[in-house]
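Residue numbers (our numbering), protein chains in the order written: chain A, 122 to 473; chain B, 122 to 473.
No residue lacks a Cβ here, since even glycine has one placed at the ideal position from N, Cα and C.
Because the structure is a prediction, the values reported are computed rather than measured.
To keep things clear, I will list the structure first and then write my remarks on it.
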């Protein structure tokens, strides 16, 4: 499944949105629960399957979703689930026992709705670049359509009810994925992250909660969902993201002006290893691609296009490699194929 | 001084001797003391200067030394001393206070005699490759000539007397510098070194006693000088060196047959970093040059000549870089220039 997604030119993952060099993507999601069913952590498999069926028979009525696909998660192989995770469409938690779980997904991968994850509905919009406003309006339109047909668990003094208290209220999580190589290189990143936590924002790794920081990507989001309106949450995150972007730009400037040679050294080393290694882990590849991306942004490397690198960030992930090669691969096989693909795509030169 | 040595085509350092891919060089030295003077550790500066003068006025009588130069060490700048050390002509110990110390050196750098190092005379022959027999006959000719004119400290039951008891007897130290990257890569090297020490041989780093193992070079030598004849010492070392060479060849074979991809990975990574870095320490350069040399020996890299690499091993050392640039350089300047020279010489491409 999903073969057509592999080189999906229309996907937000191509990173062509506004300001996408530093702000790779913008994401907003609502958590919603149907008032006439038990919450997922309490519902039986049968109850969840009923919810699935109900939503499945409804969603095509929503104009924005009329071309979307509906996936019953139990029909997916592990590799396909991993693939969706790597594309940021589903969560780590959504992998695992799959009965009663479903996914609605548009072909540009912008709109995705997980059914029976932690809540009955996890509706998410991901846009390339810095595009929270558009994401918000899109998400509200979908939420409105669902509200017309379903009754959501809601208390007037608390707002939307959710499985985890951090989501109670608006049920909103808003986040941006930032690429901050210069803040990492200049060792200013920890100061930035510390400051964030003091104002109730968190920075997570590439795949959300509890995941590693790979390739200098940081997902910045609000820590709770209560006490402010949706718009306020979004505006707050926007200002924080703009501020961090400024700091990243300052750090880039500093590198160029005061540490140009060591910057070039790091960039050329990364580029050289990407073009010449025969074995490479995804962790190492992420790290070198990050330096290469920075090198392109700063005009140190001129013969590689930024979107080639953006695409490589996605394609070198384990499930993507296996989809690409159409077979299940052991880790050492993946490391070999990853290095081969990096070499081929960055040098345009096919060897063996 | 020594500018002409920098790219000395006739030097043994060019590594064109027999079997020089693995056995980089062969070295034999005699320690001798004049019987009518105090040993250096006890002699006054004046006494040492008298010895210097005596040897200076004599050495041109020896046919093999008639074109050699005589250097009073106190006339040398620190950089020049370091330069001689990097070329394995003088010892670490010979650097430092210089009054009363002298050096006789032939222009091919094969014959060198340190005067008033630990002993009055430290006569050494270094030949490229595996050439102990020729080195020994050369050294004996010189020793014979000195013996005709000078009376050496000698006891019939002990042999030649020396400052350090490990040299008493023949006064001989015989060693070969081996390049053993495959034994290092396959982690067999420690077993080899352990076995060596059990049969009274030692392995030292690139610059002798107490120095680091750089670039997978190991200097194998006898541990003491007593109880065997010169020829026996040399024959013993020869067999040991041949045995280690066989083990290195076996390890190379194993890498090619069972670990070809990771071998290629290591070689291409090293080559890529040498050709692309902007800053490189000598330690790092040694390590990558070692892998590149292995890659050339095993026909993985075909467009670089082995003697270019041999020359780089020498030229990238700190004092060599400074002689090349004709100025005293700070460490960070050297690291930059080292990377530039490596890039230029390996890619044939001059940038900035």
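Looking only at its own chain, which residues have a Cβ that is under 8 Å from the Cβ of residue i, when we skip the five neighbours before and after it?
{"i": "residue 171 (chain B)", "result": "158"}
Counting only C-beta atoms, is residue i closer than 9 Å to chain A at any point?
{"i": "residue 383 (chain B)", "result": "yes"}
{"i": "residue 316 (chain B)", "result": "no"}
{"i": "residue 390 (chain B)", "result": "yes"}
{"i": "residue 153 (chain B)", "result": "no"}
{"i": "residue 398 (chain B)", "result": "yes"}
{"i": "residue 418 (chain B)", "result": "no"}
{"i": "residue 386 (chain B)", "result": "yes"}
{"i": "residue 158 (chain B)", "result": "no"}
{"i": "residue 180 (chain B)", "result": "no"}
Verify the CB distance criterion: does residue i have a CB-CB separation below 9 Å to chain B?
{"i": "residue 406 (chain A)", "result": "no"}
{"i": "residue 252 (chain A)", "result": "no"}
{"i": "residue 437 (chain A)", "result": "no"}
{"i": "residue 393 (chain A)", "result": "yes"}
{"i": "residue 303 (chain A)", "result": "no"}
{"i": "residue 460 (chain A)", "result": "yes"}
Count the other CB atoms within 10 Å of the CB of residue i; is the residue buried (16 or more) or exposed (fewer)?
{"i": "residue 162 (chain A)", "result": "exposed"}
{"i": "residue 253 (chain A)", "result": "buried"}
{"i": "residue 291 (chain B)", "result": "buried"}
{"i": "residue 268 (chain B)", "result": "exposed"}
{"i": "residue 338 (chain B)", "result": "buried"}
{"i": "residue 223 (chain B)", "result": "buried"}
{"i": "residue 455 (chain B)", "result": "buried"}
{"i": "residue 318 (chain B)", "result": "exposed"}
{"i": "residue 207 (chain B)", "result": "buried"}
{"i": "residue 415 (chain A)", "result": "buried"}
{"i": "residue 305 (chain A)", "result": "buried"}
{"i": "residue 429 (chain B)", "result": "exposed"}
{"i": "residue 321 (chain B)", "result": "exposed"}
{"i": "residue 240 (chain A)", "result": "buried"}
{"i": "residue 279 (chain A)", "result": "exposed"}
{"i": "residue 166 (chain B)", "result": "exposed"}
{"i": "residue 199 (chain A)", "result": "exposed"}
{"i": "residue 251 (chain A)", "result": "buried"}
{"i": "residue 343 (chain A)", "result": "buried"}
If you reduce the DSSP assignment to three classes, tell me which class residue i lands in.
{"i": "residue 180 (chain A)", "result": "helix"}
{"i": "residue 191 (chain A)", "result": "strand"}
{"i": "residue 409 (chain B)", "result": "helix"}
{"i": "residue 461 (chain A)", "result": "helix"}
{"i": "residue 159 (chain A)", "result": "coil"}
{"i": "residue 441 (chain B)", "result": "helix"}
{"i": "residue 164 (chain B)", "result": "coil"}
{"i": "residue 254 (chain B)", "result": "helix"}
{"i": "residue 203 (chain A)", "result": "helix"}
{"i": "residue 326 (chain A)", "result": "strand"}
{"i": "residue 281 (chain A)", "result": "strand"}
{"i": "residue 220 (chain B)", "result": "coil"}
{"i": "residue 231 (chain B)", "result": "coil"}
{"i": "residue 399 (chain A)", "result": "coil"}
{"i": "residue 150 (chain B)", "result": "strand"}
{"i": "residue 340 (chain A)", "result": "strand"}
{"i": "residue 523 (chain B)", "result": "Absent from the model: residue 523 (chain B). The displayed extent of chain B is 122 to 473, so no value can be given."}
{"i": "residue 143 (chain A)", "result": "coil"}
In chain order, what residues of the same chain lie with their CB nearer than 7 Å to the CB of residue i, ignoring the 5 residues before and after it?
{"i": "residue 249 (chain B)", "result": "133, 135, 136, 137, 138, 141 and 146"}
{"i": "residue 419 (chain B)", "result": "373 and 377"}
{"i": "residue 459 (chain B)", "result": "401, 403, 406, 437 and 442"}
{"i": "residue 433 (chain B)", "result": "410, 463 and 466"}
{"i": "residue 231 (chain A)", "result": "133, 246, 247 and 248"}
{"i": "residue 204 (chain B)", "result": "123, 440, 441 and 444"}
{"i": "residue 396 (chain B)", "result": "464, 467 and 468"}
{"i": "residue 210 (chain B)", "result": "226, 230 and 233"}
Here's a check: name, in chain order, each residue in its chain whose Cβ is nearer than 6 Å to the Cβ of residue i, leaving out the five neighbours to either side.
{"i": "residue 345 (chain B)", "result": "287"}
{"i": "residue 413 (chain A)", "result": "391, 392 and 430"}
{"i": "residue 334 (chain A)", "result": "326"}
{"i": "residue 472 (chain B)", "result": "Legend: pLDDT at residue 472 (chain B) = 43, less than 50; position of this residue unreliable, value from coordinates given subsequently. Cβ within range, chain order: n/a, list empty."}
{"i": "residue 398 (chain B)", "result": "460"}
Interfacial residues, the stretch 259-292 of chain A to chain B, with Cβ spacing under 7 Å:
none
TODO: Check each residue of the stretch 225-247 of chain A: if its Cβ is closer than 8 Å to any Cβ of chain B, include it; give the result in chain order.
DONE: none
### Message
For the stretch 426-458 of chain A, list every residue whose C-beta sits within 7 Å of some C-beta in chain B, in sequence order.
### Response
457
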